[in-house]
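One structure below.
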Amino acid sequence: MRLALLAALLIAAAAPAPADPAVEAVTLRYRVAPGQVFAHRIAVQMRLNVSGPPEMKVPEALRQGMDGTVTGRLTTIVTGAAEEGGHKVLQGANLAADMMGRTRRSSVGPLSFILTPTGALRAPDAANEEDTLAKQLRGHIAGVLFPLPEKPIRPGETWSHDVSALMPDGSPFRVAAQARFAGRTVVNGEPCARIDLRGTVPRTSIPMPGGSLAMSVTVWDVSHFSLRTGVPIRQEGWVRLKTDIAGTDGKSGSIAADVHLRVDQVGPTTEELAAARRLSGRAPVLAVQPGRRETPASSGEVASAPGPLPAGEAPPADVPQARRASAVSSITLRAPAPGDEVRGGFLVHAEVPAESPAVFGVFLVDGERVAAVNRQPIYYRFPPGSIPPGTHTIGVEVYGEHVAPLGAASVRVRVVE
């Protein structure tokens, strides 16, 4: 009996102790699958504070871009598998921006990405997107899919991370930041890893006529990433942009812009689930735990379709008479015609019924999405040299709100130099 007891004690001593979640390393990865749909509610509050002499005026464009609120919904749909363990994803956003008492509603996307397990994103050249708002929001939308550390991390460990952001005029800037694994958390019943991030752009002085300008940027972010899918369940971030202006006459002033961002994962709507089924060809996969779906009963919070083009932005005059292409649904391809021989700079123009809820179009070359426009009429002129000579399939996909596909059309054309 004593020998048996001693043997049992020795075996128990040799067995590893249960892992302590407080110190156990975690490996964050995006574990997604075709058919999954992720929905996030977005709220951004921006405030501009100006101090200085009465004659100091702030450019109107800056006020309009940095004083107000943006609310909306971001939809991410996993449409298929890609090479090296990655996945093809489409992202679209329905936003309402209230700036200086004026409200602008817009639908952006779908933007196409290849998402790797660690969050590296590859996408078509943003220069191919004609809509300015879509270009400016690409970085913000992709920012929900945060790059993840390559190696396992333990609580308290830090690593460097670059944050991409946009100035009010749409120009990009990068902030060198430090990320820290703050430990495990549970958000809405979902086990998560909390990542804290802080970055700064040191105070930089810029000479200017009549004085000087000094600018600094500080970024904070707290994100809770699902240990199951890698997708953030909740994000909260702050950006402070401070500019001090000094004139040669001794007068000085400052402009401070504060941005507060809150992103929460919510349950998908029935429209989003239907879109996931149509885009992936598979039954939709719930990305949230069944006990916390929080599926909205309606889509009232999402923005409506944008209005017609402003004056001076009518379709080009070289659009020929309507021809029915290899039609799907009610999309009519007005140009080019099947079998056309086209040269660089050719126009593709899709027509949809006037009562259609279409809000944006995506243009494809041989099945690859290469450009997107957020407007009606839906047309795009391919830049010279963007498509190599030869026979190609040119396609158009038309989408409504919630990234819901409405129809598509395509033609085979021959591109010549």
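My numbering applies: residue 107 is where the sequence shown begins, and numbers increase by one.
Just so it is clear, CB atoms sit at the ideal spot from N, CA and C, and this is done for glycine as well.
Since I believe Ala202 is in contact with Gln371 (beta carbons under 8 Å), could you give me their beta-carbon distance rounded to a whole number of angstroms?
-> Contact flag wrong, Cβ pair sits at about 20 Å.
Candidates Ala320, Gly467 and Pro490: closest to Val214 by CA position | Out of Ala320, Gly467 and Pro490, the CA that lies nearest to the CA of Val214 is found in Gly467.
Among Ala282, Gly295, Leu251 and Arg300, which one has its Cα closest to the Cα of Arg260?
-> Minimum Cα-Cα distance from Arg260 among the listed residues Ala282, Gly295, Leu251 and Arg300 corresponds to Arg300.
Return the residue from the list Leu347, Leu254 and Leu367 that minimises the CA-CA distance to Gly336.
-> Checking every option, the nearest Cα to that of Gly336 belongs to Leu254.
Using a threshold of 7 Å, state whether the C-beta atoms of Ser329 and Gln341 are closer than that.
-> Taking a C-beta distance under 7 Å as the contact criterion, Ser329 and Gln341 qualify as a contact pair.
Among Gln284, Glu296 and Val502, which one has its Cα closest to the Cα of Thr324?
-> Of Gln284, Glu296 and Val502, the smallest CA-CA separation from Thr324 is found for Gln284.
Per DSSP, the bridge partner or partners of Arg304 = Here Arg304 is bridged, per DSSP, to Gln284 and Trp326.
On the DSSP bridge assignment, give the partners of Ala381 in chain order.
-> In the DSSP output, where bridge partners are listed per residue, Ala381 has none listed.
Note the first and the last residue of the continuous beta strand (DSSP E) segment covering Asn200.
-> Per DSSP, Asn200 belongs to the beta strand (DSSP E) from His193 to Met205.
Contact set for Val522: own chain, Cβ-Cβ below 7 Å, skip 5 residues either direction | Within its own chain, the residues whose Cβ lies closer than 7 Å to the Cβ of Val522, once the five positions on either side in sequence are excluded, are Glu447, Arg449 and Pro495, listed in chain order.
Can you have a look at Gly473 and say buried or exposed, based on whether 16 or more other CB atoms are within 10 angstroms of its CB?
-> Gly473 should be labelled exposed.
Helix, strand or coil for Glu189 per DSSP?
-> Three-state result, Glu189: helix.
Can the beta-carbon of Leu154 be found less than 7 Å from the beta-carbon of Asp173?
-> Closer than 7 Å, so yes.
Give the DSSP-derived three-state secondary structure of Ser492 in the structure shown.
-> DSSP, read as helix, strand or coil, puts Ser492 in coil.
When the Cα atoms are used, what is the spatial distance from Glu256 to Thr375?
-> Taking the straight line joining both Cα atoms gives about 33 Å.
What did DSSP end up calling Thr224 once you bin it into helix, strand or coil?
-> DSSP places Thr224 in coil when its eight states are reduced to three.
Alpha carbon of Leu134 to alpha carbon of Gly225, nearest angstrom | Distance from the CA atom of Leu134 to the CA atom of Gly225, rounded to whole angstroms, is 10 Å.
Pro297 to Glu189, Cα distance in whole Å?
-> Counting only the Cα atoms, Glu189 lies some 29 Å from Pro297.
How would you write the range of the beta strand (DSSP E) that Leu453 sits in, first residue to last?
-> Membership of Leu453 in the beta strand (DSSP E) is indicated by the continuous run Leu453 to Glu457.
For Thr376, three-class secondary structure by DSSP | Thr376 falls in the helix class under three-state DSSP.
Quick one: Cα of Arg309 to Cα of Ser266, how far?
-> Taking the CA atoms as reference points, Arg309 sits about 20 Å from Ser266.
What do you get for Val546, buried or exposed, if any count of 16 or more other CB atoms within 10 angstroms of its CB means buried?
-> No answer is possible for residue 546: the residues shown for the chain start at 107 and end at 523.
Are the beta-carbon atoms belonging to Asp181 and Ala149 less than 7 Å from one another?
-> With the sequence shown as reference, residue 181 is identified as Thr, and Asp is not the correct amino acid for it. Going by C-beta atoms, Thr181 is not nearer than 7 Å to Ala149.
From Arg286, Val132 and Ala187, residue whose alpha carbon lies closest to that of Gln142 = Taking Gln142 as reference, the option from Arg286, Val132 and Ala187 with the minimal CA-CA separation is Ala187.
Would DSSP call Arg520 helix, strand or coil?
-> Reduced to three states, the DSSP call for Arg520 is strand.
Relative to the alpha-carbon of Leu221, which residue among Leu367, Val517 and Gly191 has its alpha-carbon at the smallest distance?
-> Nearest C-alpha to Leu221: Gly191.
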